Amino acid sequence: MPRETAVKALQHIYNCLSQDEPFSIEYQVRNIENLSDKALARNIIATTLRHNGEINAIIKILCKQGKQQGIVLALLRAGIAQLLFTDIAEYAVINESVKLAKKINPRLGGFVNGVLRNSQRKKVELLAEIDRVKVSIPKWIYNACVNKYGKETTYKALEASLQPASIDVTLKNPQDMEKYVDLLEGVALPSNRSVRVKSTNVYNMPEYEDGTWWIQDFSATLPVNIMEKVIKEYYPNIQNKDISVADICCAPGGKTMQLASLGFDVVGFDNSEYRLDIMNENLQRTKTEAKTVCCDVFIHQPKEKFDVVLLDAPCSATGTIRRHPESLLTKKNLDMEIMVARQYKLLKYALKHYLKPGGILLFCTCSILPEEAEYIQKRFTGSMLGKIINLNQPAYCDEEYLTKYYTPEGGFRTLPHMIDGGMDAFGGFIVQKHGNLQKK
Ligand SMILES: C[S@@+](CC[C@H](N)C(=O)[O-])C[C@H]1O[C@@H](n2cnc3c(N)ncnc32)[C@H](O)[C@@H]1O
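Numbering of the sequence shown is given in my numbering, commencing with residue 3 and proceeding in unit increments.
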């Protein structure tokens, strides 16, 4: 049953992809009640999408005659994904796939059996023949990265972005790190505020309901960790509760919860009611306090401006491929010019309408593309609205786990290969708005 659901879902998903329609893996497995069956179906679908490039290349090599289509192609893709890229027992994969093939058409059993056994037998040589990055990563993403990071780094980064994502949690009280490393059976990450956990069923992990931690990729925690240092420098001797922060494009709220747990007076802005509902549940569960406002941030003008702004701008999300393998197939032809122009416009709008004179703003995107961070920083340099705060200064360089992500131009950049076990790609920079900082 879970395999049949996965194969049918894959047939549907590939159909959606060819017609540029949105889809969700979670929605496809919604009717499976048993949790381990649901996890199996989800795993088959995600693995097939993550390895789509390699699987297509293998099918091309193994099925020389005729182009497979529809449910048969989905069945082959799912079977090869399980055999080559999961540790699901091989006999189970082949038996169940052949059973399913016969159900579709009794004459298909032999063919599916032959292709799957062949892929299993030739696994090592097939995989050696295929350049994983080349067949998986859209060429425009590869080219954009090579231009900035060079071939070697690009290759490492993109290869790491094809690995399944780790699960990291941020602790509400980092003082309790040792306790949570034991409790969650994880390892402490270098910020000493996040734990990388083994479990994949986070809802069953200890203290989920108590809200002592929330899920947040390590890289996504870094903007707030960096910003905290800059805030201390610009607002010395002022308590966090007296510093107002606007978290623009805040949902589902990972950074808002970080800011709130540090005691800042936070208001989160987002235009997605659905994502804000999830965020409000998160805030309630973690007993962290922040106001939320549902609005189009391009139109909204807050009555009072803020001391600090965090702007996590909507972007290509190419930094989160590990978490969303389907994006390898959906992000074929994004219009980056429009996307980047919107980000730049949002940066200027946030500086003008949300931030007090002299206040500081952190701009970031969960993107691997330099267009969405480094190039925006470059374009902003010399702006009438504010000046870039160079992070390569002693006040911000006391922790090696952060400085390793600072760029020579004074912004920050993470790439997926930069820590063991991987991380999302993030990039950004900090600006001080022109004008006199209002003393509190
Ligand atoms: C990168 S996600 C934010 C992630 C969030 N900062 C966190 O750490 O959990 C971008 C968010 O921007 C929101 N968004 C996109 N366009 C917007 C707009 N015009 N006004 C307000 N929010 C917008 C989306 O709903 C989405 O939640």
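Positions of the beta carbon are idealized from the N, C-alpha and C atoms, including for glycine. Quantities reported herein were computed from a predicted structural model and do not represent experimental measurements.
Close Cβ partners of residue i (< 7 Å) along its chain, the five nearest in sequence each way excluded
i	result
valine 100	Gly111, Val114, Asn115
serine 263	Lys174, Thr290
tryptophan 216	Val171, Thr172, Gly256, Met259, Asn284, Thr288
leucine 19	Leu331, Thr332
phenylalanine 87	Thr49, His53
tyrosine 157	Val135
Classification of residue i by the beta-carbon crowding that lies within 10 angstroms, buried from 16 upward
i	result
methionine 425	buried
arginine 123	exposed
arginine 381	exposed
serine 163	buried
phenylalanine 365	buried
leucine 37	exposed
alanine 315	buried
proline 93	Per the sequence shown, the amino acid found at residue 93 is tyrosine instead of proline. Tyrosine 93 comes out exposed.
asparagine 33	exposed
serine 26	exposed
glutamine 434	buried
cysteine 317	buried
isoleucine 245	buried
cysteine 251	buried
aspartate 337	exposed
glycine 429	buried
glutamine 345	buried
valine 126	exposed
threonine 383	exposed
glycine 270	buried
proline 4	buried
Close beta carbons around residue i, own chain, < 8 Å, minus the five adjacent residues each side
i	result
lysine 406	Met420
arginine 134	Gly55, Glu56, Glu161, Leu164
valine 95	Gly81, Gln84, Leu85, Leu118
alanine 106	The amino acid occupying residue 106 in the given sequence is isoleucine; alanine does not appear at that position. Contacts found: Ile73, Val74, Leu77.
alanine 11	Ile27, Gln30, Val31, Ala43, Ile47
glutamine 70	Ile61, Leu78
asparagine 438	Pro359, Gly360
Whole-number beta carbon distance between residue j and residue i, since they are thought to touch under 8 Å
i	j	result
asparagine 194	methionine 179	6 Å
leucine 330	isoleucine 370	The pair is not a contact, with the Cβ atoms about 12 Å apart (cut-off 8 Å).
valine 9	leucine 77	5 Å
valine 247	valine 268	5 Å
valine 342	isoleucine 378	7 Å
valine 311	tyrosine 356	5 Å
asparagine 273	aspartate 298	5 Å
glycine 321	cysteine 368	4 Å
glutamine 440	glycine 360	7 Å
valine 197	valine 204	With 8 Å as the limit, valine 197 and valine 204 do not qualify as a contact, their Cβ atoms being about 12 Å apart.
isoleucine 228	leucine 404	6 Å
Three-state secondary structure assigned by DSSP to residue i
i	result
phenylalanine 300	coil
cysteine 252	coil
leucine 439	coil
cysteine 366	strand
lysine 389	strand
aspartate 170	strand
glycine 424	coil
glycine 412	coil
leucine 336	coil
phenylalanine 382	helix
valine 189	strand
arginine 198	strand
lysine 141	helix
proline 359	strand
glutamine 434	strand
serine 246	strand
leucine 164	coil
glycine 321	helix
glycine 270	strand
isoleucine 132	coil
valine 114	helix
threonine 290	coil
glycine 429	strand
isoleucine 90	coil
valine 204	helix
lysine 31	In the sequence as displayed, the identity of residue 31 is valine instead of lysine. In this structure, valine 31 counts as coil in the three-state DSSP scheme.
Sequence-distant residues of its chain with Cβ nearer than 6 Å to residue i (five each side left out)
i	result
threonine 214	Lys174
glycine 256	Gln218, Ala222
arginine 277	Ala253, Pro254
tyrosine 398	Lys231
asparagine 2	Since the first residue shown for the chain is 3 and the last is 442, residue 2 is missing from the structure and cannot be characterised.
histidine 436	Gly388
asparagine 149	none
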